[in-house]
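>
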Amino acid sequence: VEGAKRAAAYAAVDNHVKPQHTVIGIGSGSTVPYVVERIAQQGEAVNAKRWFVPTGFQSRELIIDAGLKLGDVDSFPFIDVTIDGADEVDNALNCIKGGGACHLREKVLAEAAKEFVVVADYRKNGSLLGSKWAQGVPVEVAPFAYAKVLQNLKRLGSTNPQLRMGKAKAGPVVTDNGNFCIDAPFPETYMRDPSDLLVRIKLITGVVEVGLFCGICKSAYFGNEDGTITIKS
Ligand code: DER
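Remember, the UniProt record's numbering sits 86 above the position in the sequence shown when you count from 1.
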């Protein structure tokens, strides 16, 4: 799977990170390190002119560790290109994101970019959202409201919404913004119209952001087990 991640990341960088690009958004997850690796390989000369805007703590550390210049999100009204991972991508390039609970900042940088490109391994290349990523739609919520959001997600039709608990930490996962994350599975009928579901979830009081990215992704690169790449665009 690591080879597939690397192949997707390298192809996406080679095709979408151009010498004239100076502000680049860097997403989160386990595929994005290969994106940073490939950008660093473009050389110090071109990277000296670039700023890299992170989507969270992990992303910030990746940029610093690669010796690239950290850009502050407030300093750049526009981003040339943002590259990020995803948990699942359908054939219309709608994405489930938030497996890493970074999707608020990820969506901010995805929308601010002239081009948003997703990189992933073959496990994320889906047709109907939810068919591969079964954990549910990640929903970032204000801690004060989480119990009410759980109730309202059930009322909306979520089959079994769960507060995301830490693995190596007692208690719930806390995002870089100090919020909680709920994973909300929905029946197929809801997942057929991710844009509609996105709005319905977003309107629940206490919801900060929803891990459904609709109409934002322009290209998605998937590394396959046989070393080939599948591109959706
Ligand atoms: O949370 C996210 O959306 C991240 O981009 C992440 O889930 C991507 O998954 P990866 O670790 O397989 O790259």
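Backbone N, C-alpha and C define an ideal beta-carbon position, used for all residues, glycine too.
What is the rounded straight-line gap between the Cα of Q127 and the Cα of K304?
The count along the sequence shown starts at 1 and reaches residue 127 at position 41. The count along the sequence shown starts at 1 and reaches residue 304 at position 218. Those two C-alpha atoms are separated by around 24 Å.
> Can you give the beta carbon distance from M277 to G222, rounded, assuming they're within the 8 Å contact cut?
By 1-based counting over the sequence shown, the position of residue 277 is 191. By 1-based counting over the sequence shown, the position of residue 222 is 136. Rounded, the Cβ-Cβ distance is 10 Å, inconsistent with contact.
> Please specify which runs of the beta strand (DSSP E), each continuous and at least 3 residues long, are wholly inside the stretch 199-224, giving them in chain order.
Listed in chain order, the complete beta strand (DSSP E) runs (minimum 3 residues) inside the stretch 199-224 are 199-207.
> Any idea which residues DSSP pairs Y307 with across the strands?
Residue numbering aside, residue 307 sits at position 221 when the sequence shown is read from its first letter. In DSSP, Y307 forms a bridge with V205, I317.
> Please go through the same chain and pick out, in chain order, the residues whose beta-carbon is closer than 8 Å to the beta-carbon of L154, but skip the five residues on each side of it.
Translated into positions along the sequence shown, residue 154 becomes position 68. Cβ neighbours of L154 beyond the five flanking positions: V122, I125, A126, N133, R136, F138.
> Buried or exposed: K240, going by 16 or more other Cβ atoms within 10 Å of its Cβ?
Within the sequence shown, the letter at position 154 stands for residue 240. Per the 10 Å Cβ criterion, exposed.
> Evaluate contact between the stretch 219-233 and the stretch 155-165, counting only Cβ atoms and requiring at least three cross-stretch pairs below 8 Å.
Counting Cβ pairs under 8 Å, fewer than three are found: no touch.
> According to DSSP, is Q248 part of a helix, a strand, or is it coil?
Translated into the one-based positions of the sequence shown, residue 248 becomes position 162. Three-state DSSP puts Q248 in a strand.
> Please say whether C300 and P280 have beta carbons closer to each other than 8 Å?
Sequence index remark: in the sequence shown, residue 280 carries index 194 (1-based). Sequence index remark: in the sequence shown, residue 300 carries index 214 (1-based). In this structure, C300 lies closer than 8 Å to P280 by Cβ.
> Note the first and the last residue of the continuous beta strand (DSSP E) segment covering D176.
As a position in the sequence shown, residue 176 is number 90, starting the count at 1. Premise fails: D176 is in no beta strand (DSSP E) and is neither H nor E.
> Would you call L289 buried or exposed, if buried means 16 or more other Cβ atoms sit within 10 Å of its Cβ?
Within the sequence shown, residue 289 is the residue found at index 203, counting from 1. That one is exposed.
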